[in-house]
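One structure is given here, and the rest of the page talks about it.
Number of protein chains: 2
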Amino acid sequence: MEHEKICLAHGSGGKLSQELVEQVILPAFGNPLLNELHDGASVNMAGTNVAFTTDSYVVKPLFFAGGNIGKLAVCGTVNDLAMTGAVPRYLSVGLILEEGFLMDDLRKIVESMRLAAKEANVLIVTGDTKVVNKGAADGIFINTAGIGDIISGSHISPKCVKPGCDVIVSGYIGDHATTIMAGRHELVLPATLQSDCAPLNGLVQKMLKAVPQIAALRDPTRGGVAATLNEIAEQSKTGILLQENAIPVRSEVQGVCEILGFDPLYLANEGKMLVFVDAKYTKTLLDVMHQHPYGKDACVIGKVTNESIGQVGLQTNIGGIRIVDMPLGVQIPRIC
Amino acid sequence: MEHEKICLAHGSGGKLSQELVEQVILPAFGNPLLNELHDGASVNMAGTNVAFTTDSYVVKPLFFAGGNIGKLAVCGTVNDLAMTGAVPRYLSVGLILEEGFLMDDLRKIVESMRLAAKEANVLIVTGDTKVVNKGAADGIFINTAGIGDIISGSHISPKCVKPGCDVIVSGYIGDHATTIMAGRHELVLPATLQSDCAPLNGLVQKMLKAVPQIAALRDPTRGGVAATLNEIAEQSKTGILLQENAIPVRSEVQGVCEILGFDPLYLANEGKMLVFVDAKYTKTLLDVMHQHPYGKDACVIGKVTNESIGQVGLQTNIGGIRIVDMPLGVQIPRIC
Chain A
1 MEHEKICLAH GSGGKLSQEL VEQVILPAFG NPLLNELHDG ASVNMAGTNV
51 AFTTDSYVVK PLFFAGGNIG KLAVCGTVND LAMTGAVPRY LSVGLILEEG
101 FLMDDLRKIV ESMRLAAKEA NVLIVTGDTK VVNKGAADGI FINTAGIGDI
151 ISGSHISPKC VKPGCDVIVS GYIGDHATTI MAGRHELVLP ATLQSDCAPL
201 NGLVQKMLKA VPQIAALRDP TRGGVAATLN EIAEQSKTGI LLQENAIPVR
251 SEVQGVCEIL GFDPLYLANE GKMLVFVDAK YTKTLLDVMH QHPYGKDACV
301 IGKVTNESIG QVGLQTNIGG IRIVDMPLGV QIPRIC
Chain B
1 MEHEKICLAH GSGGKLSQEL VEQVILPAFG NPLLNELHDG ASVNMAGTNV
51 AFTTDSYVVK PLFFAGGNIG KLAVCGTVND LAMTGAVPRY LSVGLILEEG
101 FLMDDLRKIV ESMRLAAKEA NVLIVTGDTK VVNKGAADGI FINTAGIGDI
151 ISGSHISPKC VKPGCDVIVS GYIGDHATTI MAGRHELVLP ATLQSDCAPL
201 NGLVQKMLKA VPQIAALRDP TRGGVAATLN EIAEQSKTGI LLQENAIPVR
251 SEVQGVCEIL GFDPLYLANE GKMLVFVDAK YTKTLLDVMH QHPYGKDACV
301 IGKVTNESIG QVGLQTNIGG IRIVDMPLGV QIPRIC
């Protein structure tokens with residue numbers, strides 16, 4: 001690696017994140033379970049298959065329209081488990097607090113975690129709190145790890161994605177990142193726009209019950225839809241072709257993107273998922289998704305092909321195809 | 001709680017940590033599994049009992065004699081699992097890196113984690129890396145969560161501690177905290193003194209095989225032997241009486257403590273454990289411990305009694321008994 005120092009882009013979910021994992025992390029820790037590089041690992045505990053995942057949350061600002069770092073920390077780990085096809089069961093919570101952090105803010109964050117855990121039907125069973133000196137952290141960082149039951153009968157893996165699969169998105173993209181960006185710059189956005197932060201496990205369970213043949217699920221967080229689809233295309237050795245006019249983007253998000261020069265495909269989401277499923281199951285699946293509040297705007301945005309292997313293309317509204325690259329770095333740091 | 005702001009002592013493992021947990025965390029998250037307040041939770045996954053724990057590491061300095069933050073992060077979580085009587089199996093790793101952190105330092109830390117995981121026979125199976133702006137963290141913070149198999153046939157819980165149990169310590173106390181303190185103040189200590197940071201699961205497995213009747217195990221980290229014994233006395237509704245002249249403290253540690261006014265009973269350890277066992281098994285257990293490098297200096301330091309319930313007393317060398325209180329705050333912040 002040419003980089004001698006860590007830079008923000010190493011945490012972006014883009015190419016530099018990949019490099020860090022491939023050149024520093026995997027050479028040390030690499031083993032068949034970690035090498036899957038899924039949102040969570042599937043491990044065997046005395047004959048039982050258990051899903052296991054972790055994420056740290058460093059979002060700035062801590063409070064934003066539609067949520068706060070606590071809600072994000074519960075939903076993010078719940079969603080990572082759900083994306084492996086598991087039923088999330090138990091969470092751990094590790095708090096790193098900065099000296100001087102307001103107790104009332106901690107109470108609000110903890111209350112949001114309680115509500116999110118209740119909605120997701122998970123129990124917080126173990127935890128840890130550390131305090132560092134004033135100036136040594138940015139208010140609060142939260143780590144959550146989670147374990148879940150793997151649902152037998154389904155096999156969810158990027159490697160199951162094949163040409164002929166549809167690519168479905170569960171709703172509007174870019175809401176979370178746009179809200180964070182607005183919060184950081186104290187922009188006033190319409191009250192209709194807020195973070196989409198939500199636990200998706202309830203929806204996923206209904207989907208897997210109706211269509212156990214779902215090939216893969218991913219939540220497009222850091223790096224957005226673009227990063228997630230590039231990873232899937234690479235891991236499944238397929239090409240992905242999106243239809244620009246099919247991608248649901250709110251006009252408020254589109255407006256902010258046009259002003260600031262962002263592309264919604266690269267913006268983080270915290271309550272959306274991408275679903276890869278053989279086209280013959282698409283209608284059944286969409287019918288199920290549309291009945292759930294977190295899937296009511298679900299739609300097909302593209303197809304998996306056997307052309308341009310490892311690449312993501314976008315059929316634009318004016319007729320051409322442009323390549324949707326893996327992001328190199330980061331449009332917006334500390335988005336989650 | 002009278003405190004409107006977080007202070008360093010809230011992360012000390014002492015009374016203020018207890019208050020934070022009891023007044024902010026438990027009211028929100030409280031459930032029978034969390035309420036046990038053990039080093040880790042025991043959860044049921046499809047009929048299999050799984051131990052689950054987490055800790056974040058914020059030690060300063062990052063590198064010290066005998067280890068670094070990475071070794072600590074693996075050993076600490078391995079030990080928390082071992083103290084519940086579980087065989088540690090899988091770890092997650094969440095890194096929070098500060099922009100500008102040296103890649104070479106990260107490589108060293110990751111390499112130490114690899115070696116510690118290898119020694120402890122655990123696999124790192126899932127992880128996450130976040131980067132925050134320069135000045136928003138202190139180099140690197142690491143969270144590890146871990147899951148393990150509960151060993152059937154043993155029942156390890158503070159509630160099993162009864163009058164008539166011996167209190168055994170696995171070796172010299174205070175080495176870790178003294179080393180960190182020296183590193184922070186650039187004091188020169190004898191090369192013989194270094195952090196005791198080590199994975200204790202191998203030793204615990206041999207102990208439980210020989211004496212499945214062990215009542216409880218705890219690693220006296222933050223708050224030291226004093227905090228751990230006070231917690232045990234409270235949870236088991238017993239008294240504990242220590243013999244001052246039986247407590248193993250290296251002369252180097254004793255010397256530093258005398259100069260700086262510290263008490264070794266309150267200093268953090270990262271490779272030691274306290275064992276509570278019916279006195280009739282003590283000899284068998286000590287024989288097993290003495291054969292293991294991490295237990296070779298194990299000895300009995302006190303007894304569990306049915307007097308002075310909830311309190312820890314120390315029979316001093318000059319004949320009196322003094323109360324060993326729960327520490328209120330913190331002797332040395334950011335010790336782990």
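Sequence lines, in order, name chains A and B. With UniProt numbering applied, the first sequence covers 1 to 336. With UniProt numbering applied, the second sequence covers 1 to 336. Heads up, the beta-carbon is just placed ideally off N, CA and C, and yes, glycines get one too. Keep in mind that this is a model prediction, so the values were computed, not measured.
From this set, the options, which residue's C-alpha is nearest residue i's C-alpha?
i: Ile-96 of chain A; options: B:Val-300, B:Ile-6, B:Thr-284 and B:Val-161; result: B:Ile-6
i: Leu-72 of chain A; options: A:Pro-264, A:Ala-298 and A:Ile-180; result: A:Ile-180
i: Met-103 of chain A; options: B:Thr-282, B:Lys-130, B:Thr-53 and B:Leu-16; result: B:Leu-16
i: Leu-189 of chain B; options: B:Glu-252, B:Met-45, B:Val-300 and B:Ser-308; result: B:Glu-252
i: Asp-196 of chain A; options: A:Ala-177, A:Gln-205 and A:Lys-206; result: A:Ala-177
i: Ala-246 of chain B; options: B:Thr-192, B:Thr-316 and B:Pro-32; result: B:Thr-316
i: Glu-99 of chain A; options: B:Ala-137, B:Ile-124 and B:Asp-287; result: B:Ala-137
i: Val-324 of chain B; options: B:Lys-283, B:Cys-299 and B:Gly-223; result: B:Gly-223
i: Ile-25 of chain A; options: B:Ile-124, B:Ser-42 and B:Leu-187; result: B:Ile-124
i: Asn-133 of chain A; options: B:Lys-130, B:Asp-105 and B:Val-58; result: B:Val-58
i: Ile-318 of chain B; options: B:Glu-244, B:Ala-82, B:Leu-286 and B:Ser-12; result: B:Glu-244
i: Gly-13 of chain B; options: A:Ser-12, A:Gly-14 and A:Val-131; result: A:Val-131
i: Leu-33 of chain A; options: B:Gly-127, B:Glu-19, B:Val-87 and B:Asn-79; result: B:Gly-127
i: Leu-285 of chain B; options: B:Asp-105, B:Ala-82, B:Val-304 and B:Ala-215; result: B:Ala-215
Under the rule that 16 or more other beta-carbon atoms within 10 Å means buried, what is residue i, buried or exposed?
i: Pro-327 of chain A; result: buried
i: Arg-322 of chain A; result: exposed
i: Gly-139 of chain B; result: buried
i: Gly-135 of chain B; result: exposed
i: Asp-287 of chain A; result: exposed
i: Lys-209 of chain A; result: exposed
i: Gly-47 of chain A; result: exposed
i: Pro-220 of chain B; result: buried
i: His-290 of chain A; result: exposed
On the three-state DSSP scale, how would you describe residue i?
i: Thr-179 of chain A; result: helix
i: Met-45 of chain A; result: strand
i: Leu-62 of chain B; result: coil
i: Ser-17 of chain B; result: helix
i: Asn-306 of chain B; result: coil
i: Lys-159 of chain B; result: helix
i: Gln-315 of chain B; result: strand
i: Gln-213 of chain A; result: coil
i: Tyr-266 of chain A; result: helix
i: Ala-279 of chain A; result: helix
i: Arg-8 of chain B; result: Inspection of the sequence shows that residue 8 of chain B is occupied by Leu rather than by Arg. In the structure shown, Leu-8 of chain B sits in a helix (DSSP, three-state: H, G or I).
i: Ala-137 of chain B; result: coil
i: Ala-298 of chain A; result: coil
i: Ala-198 of chain A; result: coil
Would you give the residue range spanned by the alpha helix (DSSP H) that residue i belongs to?
i: Asp-105 of chain B; result: 103 to 120
i: Ala-145 of chain B; result: From DSSP, Ala-145 of chain B is part of no alpha helix (DSSP H) but of the beta strand (DSSP E) over 140 to 150.
i: Phe-29 of chain B; result: 26 to 29
i: Gln-194 of chain B; result: Here Gln-194 of chain B belongs to no alpha helix (DSSP H), and DSSP marks it neither H nor E.
i: Ile-259 of chain B; result: 251 to 260
i: Gly-206 of chain A; result: Checking the displayed sequence, the identity of residue 206 of chain A turns out to be Lys instead of Gly. Note, Lys-206 of chain A: alpha helix (DSSP H), 201 to 210.
i: Val-167 of chain B; result: Premise fails: Val-167 of chain B lies in the beta strand (DSSP E), 165 to 169, not in any alpha helix (DSSP H).
i: Gln-235 of chain A; result: 224 to 236
i: Ala-82 of chain B; result: 69 to 83
i: Leu-33 of chain B; result: 32 to 35
Ends of the beta strand (DSSP E) at residue i?
i: Asp-128 of chain B; result: 123 to 132
i: Gly-94 of chain B; result: 86 to 98
i: Leu-286 of chain A; result: Per DSSP, Leu-286 of chain A belongs to no beta strand (DSSP E); it is in the alpha helix (DSSP H), 282 to 290.
i: Cys-336 of chain A; result: Taken as a continuous stretch (DSSP letters only), Cys-336 of chain A belongs to no beta strand (DSSP E), as it is neither H nor E.
i: Val-188 of chain B; result: Careful: Val-188 of chain B lies outside any beta strand (DSSP E) and carries neither H nor E.
i: Asp-321 of chain B; result: The amino acid at residue 321 of chain B is misidentified as Asp; the sequence shows Ile. Unbroken beta strand (DSSP E) run through Ile-321 of chain B: 321 to 323.
i: Ile-240 of chain A; result: 239 to 243
Tell me whether residue i, by its Cβ, gets closer than 7 Å to a heavy atom of the ligand MG.
i: Ile-301 of chain A; result: Of the ligands one can find in the structure shown there are none, so the ligand MG has no counterpart to examine.
Inspect the CB distances between the segment 92 to 108 of chain B and the segment 131 to 145 of chain B and report whether three or more fall short of 8 Å. Three or more beta-carbon pairs separated by less than 8 Å link the segment 92 to 108 of chain B to the segment 131 to 145 of chain B, which places the two stretches in contact.
Does the segment 159 to 171 of chain B come close enough to the segment 262 to 276 of chain B that 3 or more CB-CB pairs lie under 8 Å? Enough Cβ pairs lie closer than 8 Å, so yes.
Contact between the segment 182 to 192 of chain A and the segment 61 to 76 of chain A is defined here as three or more beta-carbon pairs at a separation below 8 Å; is this criterion met? Yes, the segment 182 to 192 of chain A is in contact with the segment 61 to 76 of chain A.
Touch test, the segment 222 to 229 of chain B against the segment 146 to 162 of chain B, Cβ-Cβ under 8 Å, three pairs minimum: Pairwise C-beta distances place the segment 222 to 229 of chain B out of contact with the segment 146 to 162 of chain B, as fewer than three of them are shorter than 8 Å.
Taking one C-beta from the segment 231 to 238 of chain A and one from the segment 108 to 115 of chain A each time, how about it: are there three or more such pairs within less than 8 Å? Output reads no: the segment 108 to 115 of chain A does not touch the segment 231 to 238 of chain A.
Quick one: any contact between the segment 200 to 214 of chain A and the segment 249 to 268 of chain A, if contact means 3 or more CB pairs under 8 Å? For the pair of segments examined, the segment 200 to 214 of chain A was found not to touch the segment 249 to 268 of chain A: the number of CB pairs separated by less than 8 Å stays below three.
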